[in-house]
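A.B. asks: In the working numbering, the protein residues as written are 10 to 165.
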C-alpha cells in the first residue's frame, strides 16, 4: 500500500498524523501539491511539486495511485476517480469514501457548486475540530491495521 496525499489543502495536523503513521507502518507516503512542502527526513516520505493549474495535483495522484493504495483528499471528484481504480479514499475529517456514498457526495457537491455559481453564499467548511482529528486518526489506524493483517495473511 502506498499513501497519497492531496496536500494543497490538507491541514498540517493531518499531515503530522500521516507522517507518524507512515513511519510506524513502514509505508511509502507521497504528498502532492503545487507548492513546496516540508517533510520529515525519511526514505518513506516524499513530496512531489506539480505545476500550478486546475486539478494538476489531482491528475498526478489519479495517474499514479493503484488498487489497494490509500488517497487522503477532501476533493470528491478525486476520491471518485481513485475509487474507480480500486484505491481507498479518506477525507482529512475521517470520512471514508466508498462506492456506495461517492455518488451521493458528488451530487451534493454539484448542487453546492450550482448554488455558488448562481450567487448564493453558502460559506465554506468549518475548521477542523478535535473530533475530526480523532475520526481521521481512528479511520487511518483501522485501514492500516486491515492492510497489515492482509499483508501478513498473504505472506507479503
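Think of the CB as a built atom: it goes at the ideal place given N, C-alpha and C, for glycine as much as any other residue. Since the model is a prediction, treat every value here as computed from it, not as a measurement.
Should the region 37-53 be regarded as contacting the region 11-25, the criterion being three or more beta carbon pairs within less than 8 Å?
C.D. replies: yes
A.B. asks: How big is the Cα-Cα spacing for residue 161 and residue 123?
C.D. replies: 47 Å
A.B. asks: Which residue comes first and which comes last in the beta strand (DSSP E) that contains residue 14?
C.D. replies: 12-15
A.B. asks: Helix, strand or coil, according to DSSP, for residue 110 in the structure here?
C.D. replies: Three-state result, residue 110: helix.
A.B. asks: Run the CB neighbour count on residue 54, radius 10 Å, all protein chains shown included, and call it buried at 16 or more, exposed below.
C.D. replies: buried
A.B. asks: Take the Cβ of residue 82 as the centre, count every other Cβ of all protein chains shown within 10 Å, and call the residue buried at 16 or more, exposed below.
C.D. replies: By the neighbour-count criterion, in which a residue is buried when 16 or more other Cβ atoms sit within 10 angstroms of its Cβ, residue 82 is buried.
A.B. asks: What are the start and end residues of the alpha helix (DSSP H) that includes residue 149?
C.D. replies: 139-163
A.B. asks: Rank 78, 71, 21 by C-alpha distance to the C-alpha of residue 87 and give the top, closest one.
C.D. replies: The shortest Cα separation from residue 87 among 78, 71, 21 belongs to 71.
A.B. asks: Looking only at its chain, what residues have a beta carbon closer than 7 Å to the beta carbon of residue 32, apart from the 5 residues adjacent to it on each side?
C.D. replies: 51, 53
A.B. asks: Is the beta carbon of residue 101 sitting closer than 8 Å to the one on residue 21?
C.D. replies: No.
A.B. asks: Leaving out five residues on either side along the sequence, give the residues of the same chain with a beta carbon under 6 Å from the beta carbon of residue 98.
C.D. replies: 80, 88, 91, 92, 106
A.B. asks: Cα separation between residue 40 and residue 126?
C.D. replies: 30 Å
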